[in-house]
Structure formats: C-alpha cells, structure tokens
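Heads up, the thing below is written out as structure tokens.
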Ligand code: NAD
Ligand code: DAU
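In the numbering used here, the protein residues as written are 5 to 371.
Written out as structure tokens, the structure is:
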C-alpha cells in the first residue's frame, strides 16, 4: 500500500510512521507536514525507497492532488491539526484555518482523485479525531460512545467537531470512503513538551514549578500512543466506510495522580542510575527529594472539561482493537524515553517554545 500521512512530523503522526514501517515494511509512506512549531523532522526516519517527506500545507489542494496521483495513494491518513487546547484559547483562528479549512481541502482533493478514476480500488480517507468533541462528563456519567451527541467546549474541540462533520458529509453526499476514529489522551515518545505529561517531565528534570490547573482533579483517559496507532490501523484495514470508532485506554486518572506517578518514576530512575544526578542537578531527585513538592496550583484553563472517558467496545468488537500497554508500563517507557532522548526535547524547546511558556505561565516559567 501507499499511504499519504498528513501531520506525520507531529507527535502521533510520527509514532504512526515508526509503527507502520515496523509492521508493514513493504508499504510506501509519504508524509505531508507544514512543520509548524509542533512538527519536527527529527521525529521521523531518514528518507529511503519507502519513505518520502514533503514539506507543505494541507490547505494546498493542488499539492495534495498531485501527491495522491503521483504516488498512487491508497490510504490518506489525516493527522495534521493544531492540537493544543490552551493555544486554541489564546488564538482560535489558526485552529479553524488548519482543522476545518485544511480538512475541507483534503476532502476535496480526495473526492477529485476518486472521481477521476485514478484512486486504487479500496481507497480510504481516514480522519484522526478526538474524544473532546463529545464535551465533558460528570463523575457518574457513562463513557462516551460513538452515538454520544457532540458538545465541544473549546475552540480546538469545536474545530475538530466541525472537521468530523465535514468528513461525515463527504461520505454521505459524495460517497467518499471515509472512517473516523475519536481517541482519548495519548502519551509516549515525541510528545511536544507543552502537553501535560512531557511538560511535567521536563519541568521535574529542571526543578521548575509543575503548573496544575484548578484543583488538579480533572480526569483524562490515558492511552499509550502506539496503542492509538494500532486502533487507527484497525480502522483503516477492517473499518466499514462511513463508520466512527472510539479508541481509548480504560485508564481514567486525575491529573494530580499522573503527576504523582511521574515523580515516583523519576525518583526510581535517579536511584537506579547515578549519572542522572550529574545530568540533571536541578532535579530534586538528584539529592533524594520528592519532585512532587514542585506542584504549584495555577489559574484554571477557561472552560476546562472535567472528565473524559471512552467506551471502545465497538472498536474491540469490529476492529479487534485491544490496547497492549498498561498505564504503569506505558508511563515507565515514556519516562525512560525522555531520559534517553534529551537531545530531541532540548532541540524542540526553541525560542518560540520559550515565548509560549513565558506568555502562558508567566515570565518566571521559561529559562
Ligand atoms: P501535534 O500538534 O503533535 O502534530 C500536528 C502536526 O500537524 C505537526 O507536525 C504540524 O506541523 C502539522 N500541521 C499543522 N498544521 C498543518 C498544515 N496546515 N499542513 C500540514 N501540516 C500541518 O498533534 P498530535 O498530538 O500528534 O495530534 C495528531 C492528531 O490526533 C490531531 O488531529 C489531533 O486532533 C488528534 N488527536 C490527538 C490526541 C492527543 O492526545 N495528542 C488525542 C486524540 C486525537
Ligand atoms: O482527549 C484528547 C485530547 O487530549 C487531544 O484531542 C488534544 O489534542 C490533546 O492536547 C489532549 O487535550 P488535553 O487538553 O486533555 O491535554 P493537555 O495535555 O493539554 O492537558 C491534560 C490535562 O492536564 C488537562 O486536564 C489540563 C491539565 N493541565 C495541562 C497543562 C498543559 C494542567 O493542569 N497543567 C498544564 O500545564
């Protein structure tokens, strides 16, 4: 198969590239990515006969049409998006441009490709979406199902909801063969350190405050990123065109518990590897202290969703989806990855990253 992967230089897209190359080494992958602040060429392999990187924008319909035709694409896997809720609250317009207009241009390019007869039999447009489109749950509410009404609460969630509706409509109206997955919070390698888990890890290692929004009891359903990639693969290979599948980890945890676990894992790693104290002398674990003391409660995110939870029964039943990683094993792997890949995360924390941290958390938070 030949796959066109939009947003492949981002967190989940790059993990998907590594995953797919491992399980389907004969397939050819073309990544289209604009390399925004969240996209990193260093998260991807070097080019070879089965891997091509194209620096470009999903809103460039002509470019997308050319890539589909030139590479005889059989699967368009659409990951590209503006993805950070806090940034969507500061600057919503970029989110509407990329997530809505960008998806529209891809759909139109794919529709033309199929209508021209150039697309191979079984062509698929797979849209990667989020559980945030369903809104927020109360403590006793049942988990989100595919039939849960949409109730997006942030500009990010609203833009993703709009993109889901476009994908659905292009199937219903034009017969475009689409599938959609709505997934819960991912974590793992190549995660940009603006999101909760990598931000906390980097701050723990530098001995900086750990900014917890509100009371820290907001609940997310955490999923190791490779398990998400498996779910997407299932939808691409076994999903029915026009269908939606929820993907989740069955790992509902409040934010403070996640931070507690990260601190414990870091203390264990420092105890087992004395060189870490030399590499990260500002980390409280370097002299045996618990980094949890760095927790600082900060002003809550406006409109902060209280709880997300996913019912992934349909994906289990119809796609054979089953997460392999437990939260304990996934977090341990993630902590190790960040300790072993300091070069990656140092390189992505450039000037624009420092500006974001300073403007969002206050000047003292950046260094
Ligand atoms: P990310 O922000 O890490 O990566 C997004 C990528 O898209 C970057 O490489 C960026 O350069 C690229 N991009 C942005 N605008 C573009 C444009 N106009 N043209 C081409 N490329 C562009 O995001 P992520 O966390 O990897 O999320 C990937 C997808 O998965 C998104 O659609 C997101 O909504 C969805 N999702 C994310 C999570 C999560 O926990 N991170 C969970 C569920 C769903
Ligand atoms: O649910 C899927 C979504 O998960 C994806 O669609 C989004 O792209 C992805 O960013 C993520 O959204 P969240 O808003 O849940 O993730 P984030 O890492 O920003 O925050 C997780 C929780 O941690 C949330 O309750 C807010 C809180 N938080 C976050 C940051 C960055 C803090 O308390 N402090 C922080 O500094």
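Ideal Cβ placement from N, Cα and C applies to all residues, glycine included.
Since we're looking at a predicted model, the values are computed, not measured.
Between the region 282–290 and the region 193–204 there are fewer than three C-beta pairs closer than 8 Å, too few to call the two in contact.
The Cβ atoms of residue 252 and residue 323 lie no closer than 7 Å to each other. Taking 4 residues as the shortest admissible run, the region 51–139 contains the following complete alpha helix (DSSP H) segments, listed from N- to C-terminal end: 65–74, 89–94, 96–99 and 106–119. Each of 102, 98, 123 and 67 was checked against the Cα of residue 5, and the nearest Cα belongs to 123. In the DSSP assignment, residue 300 falls within the beta strand (DSSP E) that extends over 299–302.
When DSSP states are grouped into helix, strand and coil, residue 256 belongs to the strand group. Judged by DSSP in its simplified three-state form, residue 214 adopts strand.
Per DSSP, the beta bridge partners of residue 187 are 134 and 251. The DSSP assignment places no complete run of the beta strand (DSSP E) inside the region 306–330 (cut-off: 3 residues).
Boundaries around residue 6 are those of the beta strand (DSSP E), 6–10, since no alpha helix (DSSP H) includes it. By the beta-carbon neighbour count (other beta carbons within 10 angstroms, threshold 16), residue 359 is exposed. Pairing residue 92 with residue 221, the inter-Cα distance amounts to about 22 Å. Check the Cα spacing between residue 210 and each of 310, 261 and 281: the tightest is with 281.
Taking the C-beta atoms as reference points, residue 166 is found no nearer than 7 Å to residue 136.
Of the candidates 170, 194, 148 and 53, 170 places its Cα closest to the Cα of residue 100. Under DSSP, residue 32 forms a beta bridge with 6. Note on geometry: alpha-carbon atoms of residue 25 and residue 50 lie some 12 Å from one another. For residue 69 and residue 208, the gap between their C-alpha atoms comes out near 45 Å.
By the neighbour-count criterion, in which 16 or more other beta carbons inside 10 Å mark a residue as buried, residue 192 falls on the buried side. Of the heavy atoms belonging to the ligand NAD, at least one sits nearer than 6 Å to the Cβ of residue 132.
Excluding its 5 nearest sequence neighbours in each direction, residue 321 has no C-beta neighbour in its own chain below 7 Å. When rounded, the separation of the alpha-carbon atoms in residue 216 and residue 305 is 10 Å.
Beta-carbon to beta-carbon, residue 8 and residue 34 are separated by about 5 Å, close enough to satisfy the 8 Å threshold.
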